[in-house]
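Peer 1: Residue numbers (my numbering), protein chains in the order written: chain E, 15 to 169; chain P, 1371 to 1986. Structure in structure tokens, see below.
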Amino acid sequence: MKIDESKLDSIIKKYNNEQGSLISILQDIQVEYKYLPREAMDHVAKSLQIPRVQVFGVATFFKAFSLKPKGKQQIHVCMGTACHVRGSKMVLEELERKLGIKAGDTTQDNEYTLETVNCVGACALGPVVVKNEEYRGQMTPIKVESLLGTKIAKR
Amino acid sequence: MNLSSVKELEDLRKKILSGRDLDKPCIAVCGGPGCLAKQCLQVRDEFIKEISAKGLKSKVDIRTTGCHGYCERGPIALIFPQGIFYQRLSIDDVAEIVEETVINNKTVPRLLYSDVEAKQVIEKENDIPFYKMQTRLILSNNRMIDPNSIEDYLAIGGYSALGKVLGSMNPPEVLDAIKKSGLRGRGGGGFHTGRKWEATRDAPGDIKYVICNADEGDPGAFMDRSILEGNPHSVLEGMIIGAYTIGSGVGYVYVRNEYPLALKNVMLAIKQAKELGILGNNILGSGFSFDVKVNRGGGAFVCGESTALMASLEGKTGEPRAKYIHTSEKGLWDRPSNLNNVETWANVPMILNKGAQWFSDIGTESSKGTKVFSLVGKINNTGLVEVPMGMTLREIIFDIGGGIPGGKSFKAVQTGGPSGGCIPENLLDIPVDYERLTEVGSMMGSGGMIVMDEDTCMVDLAKYFTNFLQEESCGKCVPCREGLRRMGDILKDITEGKGRMDDILLIEDLAGMLKDASLCGLGTTAANPVISTLKYFRDEYVAHISDHKCPAGVCRELITYGIDPDNCTGCGLCKKNCPPKAINGERKQTHVLDTGKCIKCGICYDVCKFEAVRKE
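So this is what it looks like as structure tokens:
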């Protein structure tokens, strides 16, 4: 993919080209592209004068980063302990069935990405699903349909 | 404005206070994570609209605060000066509150807390059982301030501990106070804070770092989030005092990426403190300089471990290293570094303001002060609670937490995060302190407290934690990487009815190996959930293995769903919602479930209003 190097350079410059800011730089790039394009990581390695393996190592070590493009809408299912004991697995499975994808994947039409997250810190409301940063508490499999809207539910 | 002395700070505080009328009505809307998820901001906006519509804009303050703790009852609003507690608000309730309480000084009984047992409604926050039994030293300020206003923090006495320290104490005196207070780390290890500070202070080197660990990765815990979101200046104040004591010029706050509001609030707090000369060069004219940077975490549980966190701050993968040399000597960038968690830092200003003796009078012999717990799971009053060390688990769960919902019976409480242990009913009377929790096979950890009822399968729970830790294992050392994977495989077999009795011995063997041979805390404590459930709930393991039964009805391979013809009314709800169309039956006739087609998703069980769907 074609990337805008000047945009990357302005992010890198914001952190004074510091190698220690690698994670922050990658986070900002991910905000820009919603994932980490390979070319962007190569450019970061070159600019910070660090081996590409270090950039790839960090990008694949931390959960916050994705090397795959994401869908337009993001659905995060909290799998924290409080949500687990209240049945978050059932909710996740119903989402997987309705969307026809597994956690971590994106629907073919690029509309939805379904992911799990360890804890969103809204434990009192478990099970929690976060749709495009909007929290939905006390989820049950049956509420999945209204979360997604009728369009998806029918396909 | 740049304050150049402690006196100028105090003058500013006086000026702020003189401009404030304590009797002025104020509506404090909780903006904590629980209430946010329940659309509290819409309620707040409605208050703003209503107050302006009534022409009261100059007469009533509206404040969006951090977490009040009682998430179960959100959205929450407190009406000052009376301190009236309104719960479960919707935008439709706003006009009535403004009319009745703000204008007419009466209450709206239907929105008050009602005590079912005592058959009465309770007006004031402090009289509600959930709050009454707590000692909220850290959390109580959340409702008093707007976290985005440094003036609010100054108005409640903020930065006065810093003023006292810079104006009248030398670093050894501060260190002495922290040591005498008995404060111990609130992040998990429970190491003595004063001793940690001293080691970093005494370590040779010109450049030293102080770090705030706000990478709250424990699932089921949100204490640090609520402190950082609700009162970021208290954490900063603690850090500045720590840096002054240790002799550090640069600090880092490592915030979890999943907490955008905490990140925003702490960054704003740093900016405000810098503008006032409370942070930066020559703080309050004392000659002491200290700057704080904020880093976002990358979403790795292992980064709660100090050496892994420091590696991550250096822009590397978050892998821990063996601590032959402590981080207090060689930490971040190989310099002496002192790391404490959010709650520990937030305790520091209080100790210096009220004295080490005051602090050490609270708590038990070995554990001083209060501890914030996130009380969640199968419990009536979910939320954040702050109690003095030494309170019993039973008091926390039943008196404050209000017991188990739905008439179910209590089974266990899990403390200490994923590497803590499960504590059964017969041990609920132990006092909560570092030593006692460790003795019973759990730990304090950072303060997650997950309550489980009879419907929780302990083998499934052990599998859940083991899988979690296996996913989060950084993979550097073999015992943790491979040991947890094998342990997960065995637990999976057991929950699927494929276990053998000698599997239990094998798990116990693996657990011992993990404890002895892992590199960091993640691995050495990873077997705790398994060991503690085996210790207290061995019969559940045996039921899975020899009877092929899951007593709690959780493990899918061991249960079947069926419809009880006596209760089925033929309403058709289950049939309509069944994903694989496994339920058949005419309307108003008893329905039948085809177990061959059933995928055990549990939807029929959830939707049935007549308890006709049975799990066996």
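By construction, the Cβ of each residue, glycine as well, lies at the ideal position given by its N, Cα and C atoms.
Do we get a CB-CB distance below 8 Å when we pair E:Gly66 with the residues of chain P?
Peer 2: This sequence places Arg at residue 66 of chain E; Gly is not what is there. It does not: the Cβ of E:Arg66 has no partner Cβ on chain P nearer than 8 Å.
Peer 1: In the DSSP assignment, find the beta strand (DSSP E) that holds P:Thr1435 and state where it starts and stops.
Peer 2: Asp1431 to Thr1435
Peer 1: E:Arg111 touches chain P at which residues, Cβ-Cβ below 7 Å?
Peer 2: Pro1949
Peer 1: Mark P:Trp1715 as exposed unless 16 or more other C-beta atoms lie within 10 angstroms of its C-beta, in which case mark it buried.
Peer 2: Classification for P:Trp1715: buried.
Peer 1: Does the beta carbon of E:Ala167 come closer than 8 Å to any beta carbon on chain P?
Peer 2: Interpretation of E:Ala167 is limited by its pLDDT of 46, a score under 50 that renders its predicted location unreliable; the figure taken from the coordinates is listed afterwards. Taking Cβ atoms only, chain P never reaches closer than 8 Å to E:Ala167, which makes this a no.
Peer 1: Counting only beta-carbon atoms, is E:Leu36 nearer than 8 Å to chain P?
Peer 2: At a cut-off of 8 Å between C-beta atoms, E:Leu36 counts as an interface residue with respect to chain P.
Peer 1: Closest to P:Ala1897 by CA distance: which of P:Tyr1694, P:Lys1946 and P:Met1813 is it?
Peer 2: P:Met1813
Peer 1: Less than 8 Å between the beta carbons of P:Leu1839 and P:Leu1854, yes or no?
Peer 2: Yes, the Cβ-Cβ distance between P:Leu1839 and P:Leu1854 is below 8 Å.
Peer 1: By Cβ distance, which residues of its chain are closer than 7 Å to P:Asn1518, with the 5 residues on each side in sequence left out?
Peer 2: Within the same chain, Asn1635 and Leu1638 come within 7 Å of P:Asn1518 by CB-CB distance, once the 5 residues on both sides are set aside.
Peer 1: Should the region 1595 to 1604 of chain P be called in touch with the region 1399 to 1407 of chain P, which here means at least 3 C-beta pairs below 8 Å?
Peer 2: Contact holds between the region 1595 to 1604 of chain P and the region 1399 to 1407 of chain P, because three or more Cβ pairs, one in each stretch, are under 8 Å apart.
Peer 1: Please name the residues in the region 1777 to 1791 of chain P whose beta-carbon is closer than 9 Å to at least one beta-carbon of chain E, in chain order.
Peer 2: Gln1784, Gly1787 and Pro1788
Peer 1: Run through DSSP, which three-state label would P:Phe1592 get?
Peer 2: coil
Peer 1: Taking 8 Å as the cut-off, does the region 1417 to 1425 of chain P touch the region 1495 to 1514 of chain P (at least 3 CB pairs, one atom from each stretch)?
Peer 2: no
Peer 1: With a CB to CB cut of under 8 Å and the five nearest residues on each side skipped, what residues in its chain are close to P:Lys1778?
Peer 2: Hits under 8 Å: Lys1748, Asp1823, Glu1824 and Asp1825.
Peer 1: With three or more beta-carbon pairs closer than 8 Å as the criterion, would you say the region 1698 to 1713 of chain P touches the region 1522 to 1542 of chain P?
Peer 2: no
Peer 1: Pick helix, strand or coil for E:Ala167, following the three-state DSSP scheme.
Peer 2: For E:Ala167, the predicted model reports a pLDDT of 46, less than 50, meaning its position is unreliable; a value from the coordinates is still stated below. Helix, per DSSP.
Peer 1: How should P:Glu1543 be labelled, buried or exposed, when 16 other C-beta atoms within 10 angstroms of its C-beta is the threshold for buried?
Peer 2: Burial check for P:Glu1543: the Cβ neighbour count within 10 Å stays below 16, so the residue is exposed.
Peer 1: P:Pro1950: buried (16+ other C-beta within 10 angstroms of its C-beta) or exposed?
Peer 2: P:Pro1950 comes out exposed.
Peer 1: Less than 8 Å between the beta carbons of P:Gly1564 and P:Ile1548, yes or no?
Peer 2: yes
Peer 1: Tell me whether E:Arg169 is buried or exposed, calling it buried when 16 or more other Cβ atoms sit within 10 Å of its Cβ.
Peer 2: With a pLDDT of only 47 at E:Arg169, under the threshold of 50, the placement of this residue in the model should not be trusted; the figure read from the coordinates follows. Looking at its Cβ environment, which holds fewer than 16 other Cβ atoms inside 10 Å, E:Arg169 is exposed.
Peer 1: Tell me the DSSP bridge mates of P:Val1464?
Peer 2: DSSP lists no partner for P:Val1464.
Peer 1: Report yes or no: is there a C-beta of chain E within less than 8 Å of the C-beta of P:Gly1668?
Peer 2: yes
Peer 1: Just the Cα atoms here: how many angstroms apart are E:Ser20 and P:Tyr1624?
Peer 2: 28 Å
Peer 1: Against E:Pro155, what residues of chain P qualify as contacts under a CB-to-CB distance less than 8 Å, listed in chain order?
Peer 2: Under the 8 Å cutoff, chain P gives Cys1971, Gly1972, Ile1973 and Asp1976.
Peer 1: Report the rounded CA-to-CA distance for P:Leu1797 versus P:Cys1850, giving the unit in angstroms.
Peer 2: Those two C-alpha atoms are separated by around 30 Å.
Peer 1: Please report how far the alpha carbon of P:Lys1862 lies from the alpha carbon of P:Glu1841, in whole angstroms.
Peer 2: 15 Å
Peer 1: Using the DSSP secondary-structure output, state which residues sit across from P:Pro1369 in a beta bridge.
Peer 2: Since the displayed chain P opens at 1371 and closes at 1986, residue 1369 of chain P lies outside it and no answer follows.
Peer 1: Using only the alpha-carbon positions, how far apart do P:Met1371 and P:Gly1655 sit?
Peer 2: 13 Å
Peer 1: Helix, strand or coil: how does DSSP classify P:Val1623 here?
Peer 2: Correct three-state label for P:Val1623: strand.
Peer 1: CB-CB under 7 Å to E:Ile25, same chain, minus the five flanking residues each way: which ones, in chain order?
Peer 2: Ile39, Asp42 and Ile43
Peer 1: For the region 111 to 144 of chain E, enumerate the residues whose C-beta is nearer than 8 Å to any C-beta of chain P, in chain order.
Peer 2: With the criterion set as a beta carbon lying under 8 Å from some beta carbon of chain P, the members of the region 111 to 144 of chain E are Arg111, Val131, Asn132, Cys133, Val134, Gly135, Ala136, Cys137, Ala138, Leu139, Gly140 and Val142, in sequence order.
Peer 1: Opposite P:Asn1708 in the DSSP bridges: which residues?
Peer 2: P:Val1580
Peer 1: Examine chain P for any beta-carbon lying closer than 8 Å to the beta-carbon of E:His98, and answer yes or no.
Peer 2: yes
Peer 1: Would you call E:Glu107 buried or exposed, if buried means 16 or more other Cβ atoms sit within 10 Å of its Cβ?
Peer 2: buried
Peer 1: How far does the alpha helix (DSSP H) with P:Asn1898 in it reach, from first residue to last?
Peer 2: Asn1898 to Tyr1906
Peer 1: Are the C-beta atoms of E:Phe78 and some chain P residue less than 8 Å apart?
Peer 2: In the sequence as displayed, the identity of residue 78 of chain E is Ala instead of Phe. E:Ala78 counts as touching chain P.
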